[in-house]
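Here's the structure we're looking at; comments come further down.
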Amino acid sequence: SIVFIHGFTGHPERTWTSKKGNVRYRNDDRAAGEFVEPPPKIRKLNPFSSSDRGNRDAIYWPRDLLPVTVPYARVLTYGYDTRIRHWAEAPANRNTVYDIAWDLLVALDSERRAEPSRPVLFVVHSLGGIVIKEALRRSRGCHLGQAYLCGICESTIGIIFFGTPHAGSDPRRFLHRIAEKVAKAAGFSVNEQIVSALLPSSERLRELRDEFGPMAQARSWIIHSFQEQCGVGLLSGEKVLTYVR
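Numbering-wise (my numbering), the sequence shown opens with residue 291 and increments by one.
In C-alpha cells, the structure reads:
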C-alpha cells in the first residue's frame with residue numbers, strides 16, 4: 291500500500307495534482323506492453339471535501355502516474371481539515387496533530403483488516419510528515435486492547451518526506467512560519483489561535499524528532515527527504531523549507 295498525507299491547507303486530491311499535464315504517454319506504454327494491468331483503485335481515508343474533476347488536463351499523481359511504475363500497489367490518500375484560516379460562518383477546527391495522527395491510524399487499520407501484514411509506504415508533505423511520525427510512534431506503543439494497531443508500524447517499509455522540517459532549535463516556530471507563508475500565498479490570514487491549538491509544543495516536536503530516528507533505524511525503514519532547491523513563485527521566491535538535516 292502507498293498512503294499519501296497532505297500538509298497545511300492541503301487536500302487528499304488537489305495537493306497531489308498538477309493542473310497542467312499530459313498523460314498520453316500511458317497509452318504509449320500500454321501499446322508497448324510495458325503496462326497492461328488496470329490502474330489500482332484509489333481510495334480516500336476520511337476525505338473532508340469532494341473531488342475536483344473539472345480540469346481534464348490535470349495529472350493526479352496517485353491515479354495517473356503511480357500505476358505506470360507500481361501497477362500492483364493499493365493507493366490510499368488521507369484527508370484532514372487543518373482549517374487554519376478564520377471563517378465567520380464555520381466553526382473552528384479544534385483537532386490537534388495528536389488527534390489527526392490517531393484518526394489516521396484508525397482509518398488505515400480499517401482499510402487493512404483483510405490484509406493486516408501488507409507492506410505500507412507513506413508519502414507525506416509538510417505537516418503530514420509530523421502527523422505520520424506521531425502516528426507511527428503511537429502505533430509502536432499500542433498495547434492490550436489496541437494491540438492490533440501495532441501492525442501499521444510493523445508493516446511500514448519507508449517514508450518519503452516533502453518539505454517536512456526535521457531539525458532546528460524551534461521546530462514549532464518553523465512550522466508556524468510555513469503556515470503563514472502558505473496562507474499568504476493563498477490570499478488569506480492565519481487564525482493564530484487555531485494554529486496554536488493544532489501544533490504540538492516545540493519541546494514535544496523535538497522529542498518526536500529524537501524518537502523517530504532510532505525507531506526508523508531499528509526497523510530499517512527507507513527514508514527519503516526532499517526540499518526545495520529554488521524558491522516558490524507563490525511565496526515571493528522564498529523556500530517553504532530552508533534546510534533538512
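Each residue gets a CB set at the ideal place from its N, CA and C atoms; glycine is no exception. Note that the structure is a prediction, hence the values are computed from the model and not measured.
{"query": "What residue ranges within the stretch 383-422 form continuous alpha helix (DSSP H) runs of no fewer than 4 residues, ordered along the chain?", "result": "387-402"}
{"query": "What is the rounded straight-line gap between the Cα of F294 and the Cα of T367?", "result": "5 Å"}
{"query": "On the criterion of 16 or more Cβ atoms from any shown chain inside 10 Å, does T446 qualify as buried, or is it exposed?", "result": "buried"}
{"query": "Tell me T446's beta-bridge partners as DSSP assigns them.", "result": "V410"}
{"query": "So for H466, helix, strand or coil by DSSP?", "result": "helix"}
{"query": "Where G297 and G369 are concerned, what is the direct C-alpha to C-alpha distance, given to the nearest angstrom?", "result": "9 Å"}
{"query": "Is DSSP giving V293 helix, strand or coil here?", "result": "strand"}
{"query": "Does DSSP classify L366 as helix, strand or coil?", "result": "strand"}
{"query": "Which term fits G435, buried or exposed, when burial requires 16 or more other beta carbons within 10 angstroms of its beta carbon?", "result": "exposed"}
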